[in-house]
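>
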Amino acid sequence: MDKQKIWQQVKFYFDSNDGSLPEFRISNLKKNEIREIFKYLLELGDNVGDEQCVWFDQKYVKCNSFESSDKLFDALLAVSQHVLIKNITLENTELPPVGVFILENEMELDYRMGEGWDLNSFFTLIELFKKIKSLAPSCSVSMPFDGEAPFQEKDIKKLNDILKKLTSV
Numbered sequence: 108m109d110k111q112k113i114w115q116q117v118k119f120y121f122d123s124n125d126g127s128l129p130e131f132r133i134s135n136l137k138k139n140e141i142r143e144i145f146k147y148l149l150e151l152g153d154n155v156g157d158e159q160c161v162w163f164d165q166k167y168v169k170c171n172s173f174e175s176s177d178k179l180f181d182a183l184l185a186v187s188q189h190v191l192i193k194n195i196t197l198e199n200t201e202l203p204p205v206g207v208f209i210l211e212n213e214m215e216l217d218y219r220m221g222e223g224w225d226l227n228s229f230f231t232l233i234e235l236f237k238k239i240k241s242l243a244p245s246c247s248v249s250m251p252f253d254g255e256a257p258f259q260e261k262d263i264k265k266l267n268d269i270l271k272k273l274t275s276v
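Residues 108 to 276 in this note's numbering are what the sequence shown spells out, letter by letter.
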């Protein structure tokens with residue numbers, strides 16, 4: 108596998124901050140798999156941000172005040188809220204912050220394009236997806252096409268083809 112060649116094909120999706128938050132969808136998940144993936148992401152990252160709050164029990168509660176990742180997960184699932192996980196480090200490479208949105212049978216991981224993305228961080232993201240697939244073997248990872256800029260449908264299809272090949276376990 109020629110990593111440099113692959114990076115040249117995909118860097119368009121990562122290298123310049125246009126203000127959007129592209130997302131990867133991890134679908135075909137069971138609730139317990141989503142919980143395990145979320146816990147794994149929290150283990151890799153430092154925290155979900157000191158000031159982030161979730162609406163829980165009729166009030167805003169700081170994410171880092173929950174006594175366990177399970178309780179935070181339950182709160183996030185109940186209100187379908189987005190949280191940011193920082194400092195995810197895998198294979199000695201730190202990823203830029205990743206937003207996590209928990210849904211009934213899928214998760215979405217979004218990211219800010221630009222700073223922090225390069226060949227190494229892209230392939231670290233691929234390793235993260237492989238680990239996620241080992242936790243949830245029947246899941247799929249893709250970038251959904253929502254009709255909004257900056258990506259065209261044909262671009263998304265190309266990226267999804269690359270993702271499918273690189274994340275096969």
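Backbone N, C-alpha and C fix where the C-beta goes; we use that ideal spot for every residue, glycine too.
Bear in mind the structure is a predicted one, so any value in this text is a computation, not a measurement.
Just to confirm my understanding: we take asparagine 139, look at its own chain, exclude 5 residues before and 5 after, and list those with CB closer than 8 Å. What are they?
Position 32 of the sequence shown holds residue 139. Excluding positions up to five away in sequence, the list is empty.
> Kindly indicate which residue of Leu226, Leu148, Cys246 has the alpha-carbon position closest to the one of lysine 112.
Locating residue 112 in the sequence shown gives position 5, where the first residue counts as 1. The residue with the shortest Cα to Cα distance from lysine 112 is Leu226.
> Which one of Ile263, Thr274, Lys271 has the shortest CA to CA distance from phenylalanine 119?
Within the sequence shown, residue 119 is the residue found at index 12, counting from 1. Measuring from the Cα of phenylalanine 119, the nearest candidate turns out to be Ile263.
> Around the Cβ of methionine 108, are there at least 16 other Cβ atoms within 10 angstroms (buried) or fewer (exposed)?
For the purposes of this step, residue 108 is taken as the residue at position 1 of the sequence shown. The residue is exposed, with fewer than 16 neighbouring Cβ atoms inside 10 Å.
> Could you check if valine 205 is buried or exposed, using at least 16 other CB atoms within 10 Å of its CB as the buried criterion?
The residue labelled residue 205 in the question sits at position 98 within the sequence shown. Buried, because 16 or more other Cβ atoms sit within 10 Å of the Cβ of valine 205.
> Run through DSSP, which three-state label would glutamate 213 get?
Along the sequence shown, read from residue 1 onward, the residue named residue 213 stands at position 106. Reduced to three states, the DSSP call for glutamate 213 is strand.
> DSSP on isoleucine 131, reduced to helix/strand/coil?
Within the sequence shown, residue 131 is the residue found at index 24, counting from 1. Looking at the sequence itself, residue 131 is phenylalanine, so the reference to isoleucine does not match. Strand.
> State the beta-bridge partners of tyrosine 218 as determined by DSSP.
As a working mapping, residue 218 is identified with position 111 in the sequence shown. BP columns for tyrosine 218 point to Val205.
> Does the beta-carbon distance from isoleucine 133 to valine 207 come in below 7 Å?
Counting from one through the sequence shown, the residue named residue 133 turns up at place 26. Counting from one through the sequence shown, the residue named residue 207 turns up at place 100. Going by C-beta atoms, isoleucine 133 is not nearer than 7 Å to valine 207.
> Since leucine 136 is in the alpha helix (DSSP H), which residue starts that stretch and which ends it?
Residue mapping note: residue 136 aligns to position 29 of the sequence shown, counting from 1. No alpha helix (DSSP H) contains leucine 136, which DSSP labels as neither H nor E.
> Contact check, leucine 136 vs cysteine 246 under 8 Å by CB: the rounded distance?
Residue mapping note: residue 136 aligns to position 29 of the sequence shown, counting from 1. Residue mapping note: residue 246 aligns to position 139 of the sequence shown, counting from 1. Leucine 136 to cysteine 246, Cβ: 5 Å. Contact.
> Would you call proline 129 buried or exposed, if buried means 16 or more other Cβ atoms sit within 10 Å of its Cβ?
Taking the sequence shown and counting its residues from 1, one reaches residue 129 at position 22. With 16 or more Cβ atoms within 10 Å of its Cβ, proline 129 is classed as buried.
> Determine the extent of the beta strand (DSSP E) in which isoleucine 192 is found, giving its start and end residues.
For this step, residue 192 is matched to residue 85 along the sequence shown. Element bounds for isoleucine 192: 189 to 192.
> I need the DSSP call for serine 241, collapsed to helix, strand or coil.
Translated into positions along the sequence shown, residue 241 becomes position 134. Three-state DSSP puts serine 241 in a helix.
> DSSP three-state call for cysteine 170: helix, strand or coil?
Against the sequence shown, residue 170 aligns to sequence position 63. Note: cysteine 170 maps to helix in three-state DSSP.
> Buried or exposed: which applies to valine 186, given that a residue is buried once 16 or more other Cβ atoms fall within 10 Å of its Cβ?
On the sequence shown, position 79 is the one that residue 186 refers to. Under this definition valine 186 is an exposed residue.
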